[in-house]
Amino acid sequence: MDVRQQYYKGAQADQIAAALDSQRLQLNERLSEIDRYSDSDVLNLRGSFGIAPDATTEQVGAARDIIRARLVSELQINAKTTVYDFVPGSQNDSKLSDETWASTAAYVHPGDTSHTIYVGPQFFNLDSVDQTMVMSHEMSHFEGTGPRNPRAGAGIAGTGTIDGEFDDRGRTLMTEHDTARRDPITHELLRTKDLSVIMEHVEEPVRYYGDQYSAMPPKLSLYHADTFAYYVGGYQNHYAEAFPNGH
Ligand SMILES: [Zn+2]
15 MDVRQQYYKG
25 AQADQIAAAL
35 DSQRLQLNER
45 LSEIDRYSDS
55 DVLNLRGSFG
65 IAPDATTEQV
75 GAARDIIRAR
85 LVSELQINAK
95 TTVYDFVPGS
105 QNDSKLSDET
115 WASTAAYVHP
125 GDTSHTIYVG
135 PQFFNLDSVD
145 QTMVMSHEMS
155 HFEGTGPRNP
165 RAGAGIAGTG
175 TIDGEFDDRG
185 RTLMTEHDTA
195 RRDPITHELL
205 RTKDLSVIME
215 HVEEPVRYYG
225 DQYSAMPPKL
235 SLYHADTFAY
245 YVGGYQNHYA
255 EAFPNGH
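The opening residue of the sequence shown carries number 15 in this note's numbering; numbering runs sequentially from there.
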């Protein structure tokens with residue numbers, strides 16, 4: 015018997031269950047692809063995480079290992095997650111600004127071994143596709159879902175994914191304002207959303223997801239919650255176009 019409180023019932027519980035089901039299907043699809051590792055699967059992996067056309071087989075293999083580990087780990091978390099693991103979040107607990115909190119769908123505490131997902135003001139306003147992506151995004155933050163992030167700070171395990179925007183050398187978490195000030199080229203790329211412009215100006219390869227472009231090299235994208243969630247969500251076919259001719 016589950017003694018925890020069930021905060022979400024009826025239609026909301028149904029939405030959570032449906033998103034968990036979709037997420038499981040997607041994770042299994044990606045795992046099948048990454049194990050099959052056909053030419054198009056390799057292309058999808060490279061495109062999704064911005065892996066350079068001239069990357070070595072070893073480098074692509076290392077990326078594959080990182081993503082495979084996270085897929086397996088998320089499947090294990092997904093299998094244990096039920097509606098009882100969803101709890102109303104709060105701005106105070108999340109430590110987010112007013113503006114960010116208002117647009118928050120969910121958040122987690124990465125070190126939380128109970129794998130509780132805290133629900134924000136926007137989760138039930140999202141469609142089922144985005145709710146599913148939120149599951150993949152949030153679960154990837156939990157410690158133990160991958161190898162240690164090379165950028166992780168001291169004193170934390172740092173084996174979950176990170177959030178945020180970084181400059182094209184992966185140096186700094188930046189707001190849009192900071193981006194414009196410190197790195198006008200990247201800012202312009204993010205603003206124009208023109209892939210040809212991005213490919214022309216950014217030295218390290220970039221990846222495209224959803225309706226956003228971002229200049230994020232693999233050393234970041236392999237450890238980033240958004241990149242992983244978009245990959246799981248099946249957006250990888252879009253990115254593959256960025257690397258034509260089988261790269
Ligand atoms: Zn996140």
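Just so you know, even glycine gets a beta-carbon here, dropped at the ideal spot from N, CA and C.
- Between Val-101 and Asp-107, the alpha-carbon positions lie close to 12 Å from each other.
- Beta-carbon to beta-carbon, Gly-174 and Tyr-132 are separated by about 15 Å, too far to satisfy the 8 Å threshold.
- For Phe-242, the enclosing alpha helix (DSSP H) begins and ends at 239 to 246.
- For a cut-off of 8 Å, the C-beta gap from His-129 to Asp-99 is around 6 Å, short enough to register as a contact.
- With 16 or more neighbouring CB atoms inside 10 Å of its own CB, Asp-240 falls in the buried class.
- Remark: C-beta atoms of Ala-120 and Pro-135 do not approach each other more closely than 8 Å.
- Using a C-beta cut-off of 8 Å, the stretch 147 to 160 makes contact with the stretch 241 to 248, since at least three inter-stretch Cβ pairs fall below that distance.
- When secondary structure is reduced to three states using DSSP, Ile-30 falls in the helix class.
- At least one heavy atom of ligand 1 lies less than 7 Å from the C-beta of Ala-239.
- Here Ile-30 is buried: its Cβ has 16 or more other Cβ atoms, across all protein chains shown, within 10 Å.
- Excluding its 5 nearest sequence neighbours in each direction, Leu-85 has C-beta neighbours in its own chain below 6 Å: Leu-41, Arg-44, Leu-45, listed in chain order.
- Taking C-beta separations shorter than 6 Å and ignoring five residues to either side along the sequence, the partners of Ser-36 in its chain run Thr-146, following chain order.
- As the crow flies, the alpha-carbon of Gln-73 is around 17 Å from that of Ser-54.
- Membership of Phe-138 in any alpha helix (DSSP H) is not indicated, and neither H nor E is assigned to it by DSSP.
- With contacts defined by Cβ atoms closer than 8 Å, Ala-33 and Ser-142 form a contacting pair.
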